[in-house]
Amino acid sequence: MTSYTLKFKDACSELLYIIKPKTYESFNGNLYVNIFDKINNKKTLGDESEPYSYREWDKNIFNGFSSISDGIFDFQFLVSKNINYQYGEGKISLFAVDSLDNSEASSYSNFTIGGTSKDYAADELPPDLSVYVDDYNFNSGDKVSRNPLILVDIFDNSGINITDNNEFIIPHAILDDSIYIPLRMYFSQVKDSYKRGKIIFPLEDISLGKHRIQIKVSDNYNNISTKEVVFIIDDNFKENITELMNYPNPFSETTTFKFNNGYEGEPLEMSLNIYDLRGKIIYSIEKNYEVSPPVIDNLSWNGKDLNGYALSQGIYIYKLHVRNKSNNRTEIIHSKLLKLR
1 MTSYTLKFKD ACSELLYIIK PKTYESFNGN LYVNIFDKIN NKKTLGDESE
51 PYSYREWDKN IFNGFSSISD GIFDFQFLVS KNINYQYGEG KISLFAVDSL
101 DNSEASSYSN FTIGGTSKDY AADELPPDLS VYVDDYNFNS GDKVSRNPLI
151 LVDIFDNSGI NITDNNEFII PHAILDDSIY IPLRMYFSQV KDSYKRGKII
201 FPLEDISLGK HRIQIKVSDN YNNISTKEVV FIIDDNFKEN ITELMNYPNP
251 FSETTTFKFN NGYEGEPLEM SLNIYDLRGK IIYSIEKNYE VSPPVIDNLS
301 WNGKDLNGYA LSQGIYIYKL HVRNKSNNRT EIIHSKLLKL R
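Residue 1 is where the sequence shown starts when you use my numbering, and the numbers rise one by one after that.
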């Protein structure tokens, strides 16, 4: 048996929790960590039946990603200022995957969370934000694809706040000063660092022309940072690949991708890449047509990675790249899907 000491510390809470798992020295891979504040009492709306009460772990205070080497792992983070300060039972959920043979291990445990630390460092600095559209060569004011992909890199010494007590403190975007877009579900920690994170999300069904998007993120001390960029969807660009979708969505076993093809009868070269929220390609489909049909709907995915292993439940981003081989014109479209267990 080996002991792992995990320390969670900040202005509101200093916790010391010890996990004693069996060590498998041949296990090398990744650990996915979810830490929850106290369980909440909830009640259904009662739209279709009598309301009933239930309990749910829904206050996620940390969602991390760490390395496992020879069966050993460790991780650290700062607890958000926005937890419930009363002492109560929190929850740690761990899921591990071996990088070589894809064997899996999982566990969960409860611990006590609450109170205020007597010794903590003050922090009045907001997070550092970098915002891009479609790719990392973007500069504010550039033209972008018809359904652009927003990319956000975040750094803060106190970690990024995802505890959703206040919708204007957790990660979110405001498009054209009027449309609120929650981003907590699209946020992920960078591997082995609670100080760095990424947001990757597609914008869908927005109009042609110039747009402005503000990204707002806070650290675990509620210091808010805002970064704004402008992008242009060219109104002179005629879209030939339209109505990209996947069905069913959400899906559990298999989903099929479909779109309308304005290049009917022409030779097409296509690739469909599926990404996780950390930006890693997990699956890829390629297809070529010498004479393309008006509707293309024969691209399917079974929810597994390139090695044939089933992926976990969550949001995934897919990017369709279509090149017309007769005139070398290219169109790129992004969208998202939800995989269930």
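Glycine included, C-beta positions come from ideal geometry on N, C-alpha and C.
Note that the structure is predicted; figures quoted are calculated from it, not measured.
Item, Value
"Burial state of Gly197 (16 or more Cβ within 10 Å)", "buried"
"For Asp101, the first and last residue of its enclosing beta strand (DSSP E)", "Neither: Asp101 is in no beta strand (DSSP E) and is coded neither H nor E."
"Straight-line Cα distance separating Ile39 from Tyr89", "Just to set this straight, residue 89 is Glu in the shown sequence, not Tyr. Cα-Cα distance, rounded: 7 Å."
"Contact under 8 Å by Cβ, Ile241 with Val131", "no"
"Whole-angstrom distance between Leu277 and Asn246, CA atom to CA atom", "18 Å"
"Straight-line Cα distance separating Ile160 from Pro126", "10 Å"
"Reference Lys287; option with closest CA among Gly279, Met270, Asn302 and Val295", "Met270"
"CB contact flag (Ile200, Leu268, <8 Å)", "no"
"Status (buried if at least 16 other CB within 10 Å, exposed otherwise) for Ala122", "exposed"
"Length of the line joining the Cα atoms of Leu320 and Phe259", "10 Å"
"DSSP beta-bridge partners of Met270", "Lys287 and Val322"
"N- and C-terminal bounds of the beta strand (DSSP E) containing Ile333", "Arg329 to Lys339"
"Sheet register partners of Pro202 (DSSP bridge)", "Leu149"
"8 Å contact criterion, which Phe231 and Val144 should meet: CB distance rounded", "5 Å"
"Local Cβ density within 10 Å of Asn166, reported as buried at 16 or more and exposed below that", "exposed"
"Ile282 versus Tyr309: straight-line alpha-carbon distance, rounded", "10 Å"
"Backbone CA spacing between Ile19 and Phe73 [nearest angstrom]", "Unreliable placement is indicated for Ile19, whose pLDDT of 44 sits below 50; the coordinate value is still reported in the next sentence. Going by the C-alpha atoms only, they are around 11 Å apart."
"Within the stretch 210–282, ranges of the beta strand (DSSP E) (whole runs, at least 3 residues)", "224–233, 241–247, 255–261 and 268–275"
"Bridge partners - Phe73, DSSP secondary structure assignment", "Partner(s): none; Phe73 has no beta bridge."
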